[in-house]
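Written out below as structure tokens is the structure these notes cover.
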Amino acid sequence: EKSLDLDPFDDKVRNNLLTMLDNVDKFVTVRDGDIVMRLHKDEAPVLQEYAMSLTHRALDTFSKRYEFVPRGPILVEIFPKHDDFAVRNLGLPGLIGALGICFGRVVSMDSPRARPPGEFQWEATLWHELAHVITLQMSNQRVPRWLTEGISEYEEQRAHPEWRRDMDLDYAAALNRGGGIKLRDFNAAFQNPKLITLAYYQGSLIVEYLVSTYGDAGINKLLRTYGQGLDTDAALKTALNTDLDRMQAGFDQMLEKKFGDLRRALEVPDGVNDLMRTPTETLRTLAGEHAKSFPIQMALGRALRREGKLDDAMQAFERAAALIPNASGRDSPHEQMAAIALQKKDDGRLIAELTALVAVDANNVDAARQLVTALHKASVDEPAKLRPVYERIVAIDPFDAEAHTYLGRYALQQNDPDAAAREFRTVIALGPVDRAAAYTDLAESYFKSGKRAEAKKQTLAALEIAPTYERAQELLLKLVDR
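Going by my numbering, the sequence shown opens with residue 7, and the numbers climb by one from there.
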């Protein structure tokens with residue numbers, strides 16, 4: 007309102023803000039201690055179950071690690087439309103590439119529904135932004151961007167290593183091109199659209215180096231030193247008794263140790279340019295001469311697969327997977343081998359390759375769903391194999407009712423009715439096809455936890471939908487008998 011009063015003629019910003027405010031009117035507010043969460047009314051029944059617990063878990067983790075309790079209340083807003091998120095923060099739609107923003111006590115971000123499932127990991131984004139709550143407040147908002155982003159990226163990796171594996175190959179390839187960013191130029195890289203993705207990832211590596219060299223205590227001291235108003239040179243000297251040149255030397259040594267083998271695996275021989283257009287027989291020769299070249303093995307595998315030589319292609323992809331087991335996304339040999347196994351109707355191999363792919367590709371919800379289908383087709387019902395895959399699906403797309411149903415029933419089997427109830431409440435909020443079964447599932451979880459009144463209420467809801475539903479009838483008899 008103040009901005010509109012100051013500039014009443016900016017109709018574009020006015021209209022954007024008014025539209026966004028109209029949409030925010032459809033949000034509900036959920037409070038738990040110092041956390042205030044604003045969620046769209048259609049998403050709140052699902053997200054509040056997971057986002058609130060993750061927020062508490064993240065802030066508890068960071069508070070202990072950084073020996074700092076942030077000042078509250080802390081507002082978390084999750085937007086189902088990306089343009090509303092952008093207007094909320096900048097006044098204009100767009101904000102391409104950004105998933106979340108933190109202002110110290112306010113976090114806003116895209117909901118999982120703001121983008122296609124698998125395009126980003128919403129839990130990683132929330133975890134990332136909550137780390138900013140700590141670093142911004144600890145430093146009195148004076149921490150440089152390289153450090154606050156580096157810490158947030160590093161904390162993602164600490165929580166779940168698979169959240170950040172997608173950049174390993176890109177960064178190693180950039181190093182091979184001489185594209186690593188020097189520390190003296192690092193903060194400016196965040197203003198360069200061509201470098202910003204690389205800068206985020208390198209930031210996590212710099213923090214990894216600082217933690218390995220100076221420990222968490224060193225990072226904490228550095229953040230507080232920035233809070234005194236010192237620049238980077240002075241802060242490094244005061245907090246860590248070092249400077250950028252010494253940091254650069256130590257960081258370069260860490261990069262060689264961490265990425266040396268990966269960089270060499272990504273090398274292509276001199277004179278070899280366009281592998282996609284190289285004849286298959288030439289690729290065979292190159293693959294024999296350069297057995298440790300990942301790009302050549304992958305190119306040969308793709309060429310052989312296009313020609314229908316599936317067994318030979320599988321061998322090339324196996325060699326590639328041995329060179330870089332953690333390759334994900336478009337560069338994953340496991341994805342290629344899974345496709346070949348599906349084509350050959352080799353269910354066992356399909357399950358093995360999809361399992362390997364899901365383990366390293368945190369955003370690949372399609373692979374996770376394909377794996378669940380393959381496991382059920384093969385009559386695999388061991389929770390040790392199914393549960394982690396369903397958990398991955400929910401982590402990427404919390405609006406998947408089938409995954410929540412499985413996790414709820416597994417929790418019941420493990421005698422954890424409270425966890426089961428959370429899953430079944432989510433299923434009901436998602437409007438499942440079999441609503442009678444969903445209400446009965448929830449009723450059984452309440453019954454096991456001793457909440458008889460709630461159990462009866464949900465049982466009657468199931469019977470109202472399907473009066474002859476046997477499982478609900480049996481549960482009602484148990485409730486009446488006692």
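Heads up, the beta-carbon is just placed ideally off N, CA and C, and yes, glycines get one too. Since we're looking at a predicted model, the values are computed, not measured.
In the pairwise beta carbon analysis, the region 191-199 is classified as not touching the region 111-131: fewer than three pairs are separated by under 8 Å. Contact between MET282 and LEU189 is absent: CB atoms are separated by about 36 Å, not below the 8 Å threshold. GLU273: not part of any alpha helix (DSSP H); DSSP gives it neither H nor E.
Distance from the CA atom of ASP172 to the CA atom of PHE74, rounded to whole angstroms, is 31 Å.
About 12 Å separates the beta carbons of THR284 and LEU310, which is beyond the 8 Å limit, so they are not a contact pair. Excluding its 5 nearest sequence neighbours in each direction, PRO473 has no C-beta neighbour in its own chain below 8 Å. Relative to ALA426, the option among TYR416, ASP267 and ILE187 whose CA is nearest is TYR416. Distance from the CA atom of GLU480 to the CA atom of VAL486, rounded to whole angstroms, is 10 Å.
Per DSSP, PHE85 is one residue of the beta strand (DSSP E) stretching across 80-85. Using a Cβ distance threshold of 9 Å, ASN370 and VAL364 count as a contacting pair. In terms of Cβ geometry, ALA444 and THR411 form a close pair [threshold 9 Å]. Of the candidates LEU418, ASP191 and ALA223, ASP191 places its Cα closest to the Cα of GLN208. Beyond the five residues adjoining it in sequence on each side, SER158 comes within less than 6 Å, by CB distance, of HIS134, ALA137 and HIS138 in the same chain, given in chain order.
Taking GLY235 as the centre and dropping the five residues before and after it, the same chain places the C-beta of ARG148 closer than 7 Å to its C-beta, in chain order. Contact between PRO51 and GLN143 does not hold, since their C-beta atoms are separated by about 31 Å, which reaches or exceeds 8 Å.
If you look at THR154, you'll find it in the alpha helix (DSSP H) that goes 151-165.
In the three-state reduction of the DSSP assignment, SER114 falls in the strand class. Counting the other CB atoms within 10 Å of its CB gives SER385 a total below 16, which places it among the exposed residues. If only uninterrupted beta strand (DSSP E) runs of at least 3 residues are considered, none is enclosed by the region 255-316. Relative to the Cα of SER117, the nearest Cα in the group LEU81, HIS46 and THR465 belongs to HIS46. Burial is judged here by how many other beta carbons sit within 10 angstroms of a residue's own beta carbon; THR288 has fewer than 16 and is exposed. By alpha-carbon distance to ASP66, the top candidate from ASP40, THR291 and ARG44 is ASP40. DSSP places VAL371 within a helical segment (H, G or I) once states are collapsed to three. Shown here for ARG170: same chain residues with a beta carbon closer than 6 Å to its own, the five before and five after excluded, namely GLU162 and GLN163 in chain order.
Between ALA468 and ALA449 the beta-carbon gap is near 7 Å, inside 8 Å, which marks them as a contact. Here LYS227 has ALA245 as same chain residues with Cβ atoms under 6 Å from its own Cβ, once five neighbours each way along the sequence are excluded. If you look at ILE330, you'll find it isn't in any beta strand (DSSP E); DSSP assigns it neither H nor E. If you draw a straight line from the Cα of GLY185 to the Cα of ALA328, it is about 26 Å long. For THR411, the uninterrupted alpha helix (DSSP H) segment begins and ends at 407-419.
For LEU181, the enclosing alpha helix (DSSP H) has its first and last residue at 174-182. DSSP, reduced to helix, strand and coil, places ASP38 within a strand of the structure shown. The criterion of a C-beta distance shorter than 9 Å is satisfied by PHE300 and ILE330. As the crow flies, the alpha-carbon of ASP237 is around 42 Å from that of VAL34.
In this structure, the alpha-carbon of SER455 lies about 22 Å from that of MET58. A residue is called buried when at least 16 other Cβ atoms come within 10 angstroms of its Cβ; GLN127 meets this threshold and is buried.
DSSP places GLY209 within a helical segment (H, G or I) once states are collapsed to three.
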